[in-house]
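Student: So my numbering is basically just the index in the sequence shown, starting at one, shifted up by 12.
The beta-carbon is built from N, C-alpha and C at its ideal position, and this holds for glycine as well.
Bear in mind that the values here come from a model prediction, so they are computed numbers and not experimental data.
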Amino acid sequence: MGKLFDGKLVFTQIPLLLKYLPVTMELAVTAMIASLILGLLLALVKIKKVPVLKQLVSIYISVIRGTPILVQLYVTYFGIPMLLKYINFKCGTNYNVNGVAPIVYAFVALALNESAFNAEIIRASLANQRYLFGDRLTESDVRLYVTLVRFDCAYYPVFRLNKKLLRDYPNLWAYARDLYQTPGFGDTTNFATIKKHYHIDCCPSNEFAIVPNGPDESLWLTPHGREKLSGK
Numbered sequence: 013m014g015k016l017f018d019g020k021l022v023f024t025q026i027p028l029l030l031k032y033l034p035v036t037m038e039l040a041v042t043a044m045i046a047s048l049i050l051g052l053l054l055a056l057v058k059i060k061k062v063p064v065l066k067q068l069v070s071i072y073i074s075v076i077r078g079t080p081i082l083v084q085l086y087v088t089y090f091g092i093p094m095l096l097k098y099i100n101f102k103c104g105t106n107y108n109v110n111g112v113a114p115i116v117y118a119f120v121a122l123a124l125n126e127s128a129f130n131a132e133i134i135r136a137s138l139a140n141q142r143y144l145f146g147d148r149l150t151e152s153d154v155r156l157y158v159t160l161v162r163f164d165c166a167y168y169p170v171f172r173l174n175k176k177l178l179r180d181y182p183n184l185w186a187y188a189r190d191l192y193q194t195p196g197f198g199d200t201t202n203f204a205t206i207k208k209h210y211h212i213d214c215c216p217s218n219e220f221a222i223v224p225n226g227p228d229e230s231l232w233l234t235p236h237g238r239e240k241l242s243g244k
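Pasting the structure below:
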């Protein structure tokens, strides 16, 4: 009778695992960035209590958080091709279903999964505590800052996420300014470089290479008033 578990087999597979480690890291990082952006948008909908959207977002978060990631990967991998085939049939389009790389399905599933958790973390945290996980800065705050600091000057105009500006959301805007005014955040943030990258490098339609002067960077230095919350 063969062994139920062979420890030597684990070690023999390490070279193969290391071979695909870069792919795993790329998938994890890209899904994390996408989930933070999507999670932020979902949190904003719930914070502002947007009619209809708030209910839809709540259902989405409940479903995603209540189902295993393996089920979500399965549904994404088989569901997206079926959806594309249906669109081709109904609309007479010719999307190449077989041309989508499998890693794209994994990226979509992971981004959707993480966004549901990030949305709740962001929504619940910012109104009652200074940082996402209490009274101390964590890596999660650093990751979210990268998204927040780009929102008004890049995502809002370039990606048409223009329902409202970041500063239209009091808790998020105060939280973002709190981070910006913390040593190591604002002094390493270059708005000119951010705007140039998104308005020129990421926007081929901007044929005249127009980069806006605003928003006013001095607004990031206005008092945020979050000292009254826990945190140092």
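Within its chain, find whatever has a CB closer than 7 Å to the CB of Ile49; leave out the 5 residues flanking it on each side and keep chain order.
Tutor: Mapped onto the sequence shown, residue 49 falls at position 37. So the list reads Thr159, once near-sequence residues are dropped.
Student: What three-state label does DSSP hand Gly91 in the structure shown?
Tutor: Numbered from its first residue, the sequence shown carries residue 91 at position 79. In this structure, Gly91 counts as helix in the three-state DSSP scheme.
Student: Please report the straight-line C-alpha distance between Gly237 and Gln67, rounded to a whole angstrom.
Tutor: Numbered from its first residue, the sequence shown carries residue 237 at position 225. Numbered from its first residue, the sequence shown carries residue 67 at position 55. Approximately 31 Å between the Cα atoms of the pair.
Student: Of the choices Pro195, Tyr98, Leu138, whose alpha-carbon is the least far from that of Ala55?
Tutor: If you number the sequence shown from 1, residue 55 lands on position 43. Of the candidates Pro195, Tyr98, Leu138, the one whose C-alpha sits nearest the C-alpha of Ala55 is Leu138.
Student: So for Gly111, helix, strand or coil by DSSP?
Tutor: Residue numbering aside, residue 111 sits at position 99 when the sequence shown is read from its first letter. Looking at Gly111 - three-state DSSP - the assignment turns out to be helix.
Student: Would you list the residues sitting across from Gly146 in a DSSP beta bridge?
Tutor: What you label residue 146 is simply residue 134 of the sequence shown in a count that begins at 1. The partner list for Gly146 (beta bridge, DSSP) reads Tyr143.
Student: What is the DSSP secondary structure of Ser74, counted as helix, strand or coil?
Tutor: Against the sequence shown, residue 74 aligns to sequence position 62. Reduced to three states, the DSSP call for Ser74 is helix.
Student: Hey, Ile134 and Gly78 are a contact pair by Cβ (cut 8 Å); roughly how many whole angstroms apart?
Tutor: Mapped onto the sequence shown, residue 134 falls at position 122. Mapped onto the sequence shown, residue 78 falls at position 66. Contact doesn't hold; Cβ gap of about 19 Å is too wide.
Student: For Gln25, is the classification buried or exposed, using 16 other Cβ atoms within 10 angstroms of its Cβ as the cut-off for buried?
Tutor: By 1-based counting over the sequence shown, the position of residue 25 is 13. The residue in question, Gln25, is exposed, as its Cβ has fewer than 16 Cβ neighbours within 10 Å.
Student: What residue from Phe163, Thr194, Val170 has the CA that sits closest to Tyr181's CA?
Tutor: In the sequence shown, counting from the first residue as 1, residue 181 sits at position 169. Among Phe163, Thr194, Val170, the Cα nearest to that of Tyr181 belongs to Phe163.
Student: Inspect the CB distances between the stretch 118-127 and the stretch 81-88 and report whether three or more fall short of 8 Å.
Tutor: Enough Cβ pairs lie closer than 8 Å, so yes.
Student: Can we say the stretch 22-42 touches the stretch 104-112, given the rule of at least three CB pairs closer than 8 Å?
Tutor: No: fewer than three Cβ pairs fall under 8 Å.
Student: Taking the C-alpha atoms as reference points, what is the distance between Asp213 and Cys165?
Tutor: Residue 213 sits at position 201 when you count from the first residue of the sequence shown. Residue 165 sits at position 153 when you count from the first residue of the sequence shown. Each residue's Cα considered, the two are about 14 Å apart.
Student: Can you give me the Cβ contacts of Tyr168 inside the same chain, cut-off strictly under 7 Å, excluding the 5 residues immediately before and after it?
Tutor: Within the sequence shown, numbered from 1, the residue matching residue 168 stands at position 156. The answer, listed in chain order, is Asn174, Leu177.
Student: Give the straight-line distance between the Cα atoms of Thr200 and Ile81, rounded to the nearest whole angstrom.
Tutor: Within the sequence shown, residue 200 is the residue found at index 188, counting from 1. Within the sequence shown, residue 81 is the residue found at index 69, counting from 1. About 36 Å.
Student: Measuring only the C-alpha atoms, how far is Cys215 from Asn106?
Tutor: Residue 215 sits at position 203 when you count from the first residue of the sequence shown. Residue 106 sits at position 94 when you count from the first residue of the sequence shown. Going by the C-alpha atoms only, they are around 26 Å apart.
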